[in-house]
Amino acid sequence: MSATTLTPSAPVQAAPRGPSFAERATGFLKACFDGPLNTAITLGCLAVLWFAVPPFWAWAVTNATWNGNAQACREAGGACWAFVREKFWFSIFGLYPFEERWRPATMITILVAMVIASTIRRFWTKWLFLAWAIAAPVMWMLMQGGILGLPYVQTRQWGGLTITGVIAVFGLALGYPLAILLALGRRSELTLVRWFCTAIIECVRGVPLISLLFMAAIMLPLFMPQGVTIDRLVRVLVAYTLFTAAYMAEVVRGGLQAMPKGQYEAADSIGLSYWQKMRLIILPQALTITIPAQVNTFIGLFKDTTLVVVIGVFDFFTTLRAALGDPNWLGFPTEAYLFAAFVYFVLCFAMSRYSQNLEKTLRPESR
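My numbering numbers the first residue of the sequence shown as 310 and each following residue consecutively.
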């Protein structure tokens with residue numbers, strides 16, 4: 310019986326350790342005071358913070374009123390966060406009937422859960438599309454009612470952050486696949502298809518969103534048969550979806566044009582059809598390299614939801630402005646606008662951070 314020769318295994322190399330907190334802090338301080346120019350800029354920024362932060366802190370925290378009425382706020386002399394607390398639920402639900410607010414609260418819970426599920430890569434399957442196909446009509450029926458014993462609530466009573474979320478999520482979700490089709494159509498070798506997609510993109514991008522909203526709210530009903538009406542919120546969603554698709558189509562087209570010609574030739578050489586080539590080879594790479602541009606456009610379009618007020622839809626920002634008209638709470642616009650800015654910043658920052666993480670995860674070297 311022959312002896313077995315044991316070969317020593319190669320040593321396992323530990324993953325490279327990143328810089329510690331102390332090393333990062335030291336590097337940051339060295340960069341701030343590296344040379345006369347950087348030192349002057351750093352000292353100037355510190356001086357601005359020294360003169361700006363203490364008064365703002367005293368107004369926003371030390372002398373602020375967190376509970377009470379408007380009179381207590383005026384006597385304290387600081388920020389009146391009691392106003393924000395008093396109008397918080399109004400800014401979330403708008404004019405939705407008070408006794409039925411559990412319905413938009415449930416709808417928001419479902420919407421947030423679906424959005425979170427959609428950001429997790431292992432859920433990117435056909436079941437996610439099926440879940441959205443079921444959740445969307447359920448959320449609409451829950452909000453509108455008229456069935457299963459739920460009182461009917463007109464869409465003109467919907468408002469606040471609820472309506473902002475509905476327009477943003479469904480407008481962006483429906484506009485994204487349409488944008489991909491428009492981008493592919495604009496690069497199509499079929500002349501009529503290319504001209505048609507180009508005309509849609511240029512016509513929609515060439516006018517402000519306000520114009521599309523006015524067209525959807527005022528002009529579209531004129532082209533409908535007599536007796537046929539389309540809900541105002543649905544018209545807003547159609548206009549917002551087209552606007553989203555037109556802008557996103559150019560971002561996607563930029564990614565398609567950035568792909569090396571060899572990728573197209575390699576896909577053709579192994580006998581893939583046009584749609585197989587786009588679905589398996591080209592689009593995954595094109596969409597990945599344009600993630601920063603896509604998220605930048607998403608953030609801009611999300612903030613554009615405030616424009617729906619021009620046709621009488623009361624979004625989150627508009628409900629806060631309406632709350633300022635309460636005669637019992639006059640004189641606190643700064644607090645309302647700071648609260649609105651904080652909410653928009655949190656949502657936009659979350660999209661930005663998620664996109665950075667997704668971009669890092671989808672890099673070839675990270676797999």
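For each residue, glycine too, the CB sits at the ideal point set by N, CA and C.
Please read these numbers as outputs of a predicted model, since none were measured by experiment.
Nearest to residue i (by Cα), restricted to the options the options
| i | options | result |
| --- | --- | --- |
| residue 545 | 486, 508, 481 | 481 |
| residue 575 | 564, 591, 561, 489 | 591 |
| residue 541 | 487, 499, 476, 569 | 476 |
| residue 645 | 400, 359, 353, 371 | 400 |
| residue 451 | 436, 597, 467 | 467 |
| residue 613 | 455, 385, 395, 474 | 474 |
| residue 369 | 529, 408, 391, 357 | 391 |
| residue 470 | 386, 416, 378 | 416 |
| residue 562 | 432, 593, 429 | 593 |
| residue 379 | 661, 633, 662 | 633 |
| residue 375 | 366, 530, 388 | 388 |
| residue 364 | 386, 582, 551 | 386 |
| residue 567 | 584, 585, 598 | 598 |
| residue 518 | 366, 478, 619 | 619 |
| residue 486 | 454, 528, 420, 588 | 588 |
| residue 497 | 621, 584, 394 | 584 |
| residue 560 | 393, 346, 641, 492 | 492 |
Any chain B beta carbon closer than 8 angstroms to residue i
| i | result |
| --- | --- |
| residue 530 | Absent from the structure is chain B; it holds one protein chain and no more. |
Where the alpha helix (DSSP H) through residue i begins and ends
| i | result |
| --- | --- |
| residue 413 | 411-427 |
| residue 435 | 435-453 |
| residue 408 | It is not in any alpha helix (DSSP H) - residue 408 carries neither H nor E in the DSSP assignment. |
| residue 396 | Unbroken run through residue 396: none, as it is neither H nor E. |
| residue 354 | 345-366 |
| residue 341 | 330-341 |
| residue 577 | 570-578 |
| residue 585 | 583-586 |
| residue 658 | 642-670 |
| residue 478 | 469-495 |
| residue 373 | Residue 373 -> no alpha helix (DSSP H), and no H or E assigned at all. |
| residue 677 | Nothing about residue 677 can be reported from this structure: the residues present for the chain run from 310 to 676 only. |
Rounded C-alpha distance that separates residue i from residue j
| i | j | result |
| --- | --- | --- |
| residue 610 | residue 520 | 15 angstroms |
| residue 659 | residue 666 | 11 angstroms |
| residue 524 | residue 443 | 30 angstroms |
| residue 600 | residue 333 | 28 angstroms |
| residue 564 | residue 604 | 14 angstroms |
| residue 616 | residue 372 | 35 angstroms |
| residue 631 | residue 494 | 43 angstroms |
| residue 555 | residue 672 | 27 angstroms |
| residue 516 | residue 558 | 16 angstroms |
| residue 664 | residue 652 | 19 angstroms |
| residue 687 | residue 440 | This structure gives no information on residue 687, because the portion of the chain shown stretches from 310 to 676. |
| residue 669 | residue 607 | 19 angstroms |
| residue 536 | residue 484 | 29 angstroms |
| residue 623 | residue 654 | 20 angstroms |
| residue 657 | residue 647 | 15 angstroms |
| residue 341 | residue 356 | 14 angstroms |
| residue 418 | residue 398 | 15 angstroms |
| residue 522 | residue 638 | 32 angstroms |
| residue 353 | residue 331 | 25 angstroms |
| residue 423 | residue 547 | 21 angstroms |
| residue 508 | residue 514 | 10 angstroms |
| residue 538 | residue 530 | 7 angstroms |
| residue 377 | residue 421 | 32 angstroms |
| residue 527 | residue 464 | 17 angstroms |
| residue 405 | residue 552 | 28 angstroms |
| residue 409 | residue 602 | 40 angstroms |
| residue 395 | residue 338 | 44 angstroms |
Buried or exposed (CB count within 10 angstroms, at least 16 for buried), residue i
| i | result |
| --- | --- |
| residue 533 | exposed |
| residue 549 | buried |
| residue 438 | exposed |
| residue 362 | exposed |
| residue 499 | exposed |
| residue 403 | buried |
| residue 413 | buried |
| residue 324 | In this predicted model, residue 324 has a pLDDT of only 46, less than 50, meaning its place in the structure is not dependable enough to derive any value. |
| residue 382 | buried |
| residue 461 | exposed |
| residue 457 | exposed |
| residue 510 | buried |
| residue 315 | For residue 315, the pLDDT reaches just 48, beneath the cut-off of 50, and the residue's location in the model is therefore unreliable, although a value from the coordinates is still provided. That one is exposed. |
Legend entry - Minimum length 3: unbroken beta strand (DSSP E) runs contained in the segment 499-546: none
Inset, instruction - Output the residue ranges of the beta strand (DSSP E) runs that lie fully inside the segment 585-632 and measure 3 residues or longer, sorted by chain position. - result: none
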